[in-house]
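Protein sequences appear in the order of chains C and E.
According to this note's numbering, the first sequence is numbered sequentially starting from 5.
According to this note's numbering, the second sequence is numbered sequentially starting from 10.
Each residue gets a CB set at the ideal place from its N, CA and C atoms; glycine is no exception.
In what follows, a structure is listed as structure tokens, so that the remarks can point back to it.
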Amino acid sequence: MKKKLIKMLCYSFDARLSPRKHKKLAEALHNSAGLRAEKKYLISIREIITRHSTPAFSPFFTRKVIDGIENRNFIQKNNDTLYIQMQSLFRKIVLVAGVLFITMISYNIARTGNFSLEGVLGFPKITLAENIELVTNLYWE
Amino acid sequence: LNEEDCLNGARNGNHDAYRQIINRHKQKVAHTIFGMLGNCSEAEDVGQETFIMFFRSLKSFRADSSIGTYLTRIAINLCLNELNRRKRNRKLFQRISDAEFSAIPNSKKGINEKENEQLVYQALDHLAPKFRSVIVLRLMDGYSTRETAQILGIPSGTVLSRLKRAQQKLKHFIILKTGENR
């Protein structure tokens with residue numbers, strides 16, 4: 005049996021064939037007992053599959069889906085709450101650190117009257133000679 | 010409530026409205042999922058996941074397709090994921106034991122007998138997911154070729170060729186197992 009005819013036969017179940025192909029298939033079916041048997045066989049398979057009865061979901065299916073949605077919403081809300089709490093805590097920490105830093109700078113400036121970086125940050129003012137002496141002492145020790 | 014009211018209600022977080030959507034479509038979704046996965050314990054989980062995913066995508070659902078078609082698309086994708094997972098776990102297509110096959114009568118009277126129905130379903134279990142999905146959507150769920158193509162995101166021509174190949178594979182499986190020499 006020609007493969008082309010089998011293909012045409014299979015397609016004829018699920019698509020509209022062109023008039024030319026339709027005629028060709030009809031003629032082939034008329035002339036070939038094998039092709040008629042093939043058609044009958046395929047129809048049998050398709051009918052069995054079409055009337056295939058499937059079981060239903062359990063009686064509490066809808067309830068389970070709604071519970072699933074609510075649980076996921078709850079988890080999502082909890083995650084959101086945790087995120088908001090962390091964000092709020094971080095803001096507080098940043099604010100306190102900022103206030104402390106400004107207080108320290110103000111205190112250092114007021115104490116030393118020096119606006120240089122060392123003065124602002126409260127580092128002791130050391131000259132180059134003092135620095136060299138300090139390093140040399142450390143080396144000999 | 011009609012479908013649109015239910016949809017709007019569900020979008021606003023009304024669970025009763027969504028409950029109605031579930032009750033209206035669960036049988037069709039069950040048909041698709043059981044057709045794809047067979048009668049197994051995972052089927053109900055996939056069904057629940059289908060409706061939960063739809064609920065989460067309600068805001069982006071623009072009703073270009075019907076709710077049923079959209080749900081079927083989600084269900085098919087989840088089933089394909091499940092089949093891939095089974096394949097990874099080497100559980101895909103549980104082999105039918107020889108004892109089970111020997112229980113199937115070796116009939117030469119065609120495939121209209123009850124016993125041979127079982128054989129068709131077994132053959133269906135052995136189809137690769139891409140062939141099985143077209144058979145389930147077109148023959149079990151009754152979608153048109155065009156709708157099947159839309160759900161699977163493939164051209165109609167591919168659906169037709171897969172349907173043809175799926176039917177040939179089913180036939181060969183049945184002939185092989187029954188020893189029919191047609």
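At least one C-beta of chain C is nearer than 8 Å to the C-beta of A39(E). If you check the CB distance, T81(E) and D150(E) come in under 8 Å. A residue is called buried once 16 or more other Cβ atoms fall within 10 Å of its Cβ, and K96(C), having fewer, is exposed.
P138(E) carries a helical assignment under DSSP once its states are collapsed to helix, strand and coil. Look at R40(C): its C-beta is not under 8 Å from any C-beta on chain E. The residue among K68(E), E91(E), G162(E) with its C-alpha nearest the C-alpha of E53(E) is E91(E). With respect to the C-alpha of K68(E), the residue from P138(E), F43(E), G18(E) having the closest C-alpha is G18(E). A check of alpha carbon separations from I31(E) across E145(C), V124(C), P63(C), A101(C) identifies P63(C) as the nearest.
Taking A133(C) as reference, the option from G126(C), N141(C), F127(C) with the minimal CA-CA separation is N141(C). Taking a Cβ-Cβ cut-off of 7 Å, the neighbours of K68(C) in chain E comprise Q57, given in sequence order. Under the DSSP assignment, L92(E) falls in the alpha helix (DSSP H) whose first and last residues are 76-97. Annotation: L172(E) to R94(E) spans about 24 Å, alpha carbon to alpha carbon. Taking 8 Å as the upper bound for CB-CB distance, I183(E) and A137(E) are not in contact here, some 17 Å apart.
Around the beta-carbon of G56(E), 16 or more other beta-carbon atoms lie within 10 Å, marking it buried. For E145(C), the secondary structure class from DSSP, reduced to helix, strand or coil, is coil.
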